[in-house]
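Asks: Submitted below is the structure of interest, expressed as structure tokens.
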Amino acid sequence: MIVPILAAAVALAQEASGTGAEEAPAGCLGSGGITGLLPIVAMVAIFYFLIIRPQQKQTKKLNEMRNSLQKGDKVVTGGGIHGVITNLKGEIITVRIADSVKIDVDRNALTLVTPEEVEAK
Numbered sequence: 119m120i121v122p123i124l125a126a127a128v129a130l131a132q133e134a135s136g137t138g139a140e141e142a143p144a145g146c147l148g149s150g151g152i153t154g155l156l157p158i159v160a161m162v163a164i165f166y167f168l169i170i171r172p173q174q175k176q177t178k179k180l181n182e183m184r185n186s187l188q189k190g191d192k193v194v195t196g197g198g199i200h201g202v203i204t205n206l207k208g209e210i211i212t213v214r215i216a217d218s219v220k221i222d223v224d225r226n227a228l229t230l231v232t233p234e235e236v237e238a239k
């Protein structure tokens with residue numbers, strides 16, 4: 119979606135400056151429209167693979183973790199509160215954080231399930 123917009127912007131800039139209509143002198147290579155866009159396309163691809171794609175993978179992994187929660191799982195909320203899940207009801211999860219202290223949190227507030235190996239140590 120960005121590439122057609124950028125291509126249109128480059129074409130308009132060339133028309134406004136008059137550089138698009140001139141012919142290159144003999145023996146010189148003209149700057150074609152495609153070669154001018156290659157660096158922009160390369161930058162978009164780099165941003166996609168360095169920023170967008172890893173973020174999508176992380177979000178997918180977090181959603182899978184939230185959908186697989188069960189009673190008895192030890193979890194950590196976004197605020198850093200540690201507790202054990204005692205009840206699951208839709209998007210609201212009851213977490214026991216101390217003896218006789220239970221809080222209701224949104225499923226999206228949970229950021230981590232504590233692995234069993236870490237608990238044993």
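All you need for this note's numbering is the position in the sequence shown, starting with 1, plus 118. Using N, Cα and C, we set each Cβ at its ideal position, and we do this for glycine too. Source: prediction; values computed, not measured.
(1) Buried or exposed, going by whether 16 or more other CB atoms sit within 10 Å of the CB of residue 130?
(2) Could you tell me which uninterrupted beta strand (DSSP E) segments, each at least 3 residues in length, are contained entirely in the stretch 163-231, listed from first to last along the chain?
(3) Can you round the beta-carbon distance between residue 197 and residue 214 to whole angstroms, since I take them to be within the 8 Å contact cut?
(4) Taking the beta carbon of residue 219 as the centre, do at least 16 other beta carbons fall within 10 Å, making it buried, or is it exposed?
(5) Measure the alpha-carbon distance for residue 181 versus residue 132 and round it to whole angstroms.
(6) Please work out which residues of its chain come closer than 6 Å, Cβ to Cβ, to residue 138, disregarding the five sequence neighbours upstream and downstream, and give them in chain order.
(7) Do the CB positions of residue 195 and residue 204 come within less than 9 Å of each other?
(8) Between residue 154 and residue 128, how many whole angstroms is the CB-CB distance? I'm expecting something under 8 Å.
(9) Compute the Euclidean distance between the alpha carbons of residue 209 and residue 152, then round it to the nearest angstrom.
(10) Classify residue 157 as helix, strand or coil using the three-state DSSP reduction.
Replies: In brief:
(1) Exposed: under 16 other Cβ atoms inside 10 Å.
(2) 192-195, 200-207, 210-216, 219-224, 228-231, all fully within the stretch 163-231.
(3) Not confirmed; about 16 Å, so no contact.
(4) So residue 219 ends up on the exposed side.
(5) Distance between the alpha carbons of residue 181 and residue 132 is about 46 Å.
(6) Confidence at residue 138 is low in this model, with a pLDDT of 48, below 50, so its placement is unreliable and no value can be given for it.
(7) No, Cβ-Cβ distance for residue 195 and residue 204 is not below 9 Å.
(8) With a Cβ gap of about 6 Å, residue 154 and residue 128 count as contacting.
(9) Looking at the two C-alpha atoms, the distance is approximately 49 Å.
(10) In this structure, residue 157 counts as helix in the three-state DSSP scheme.
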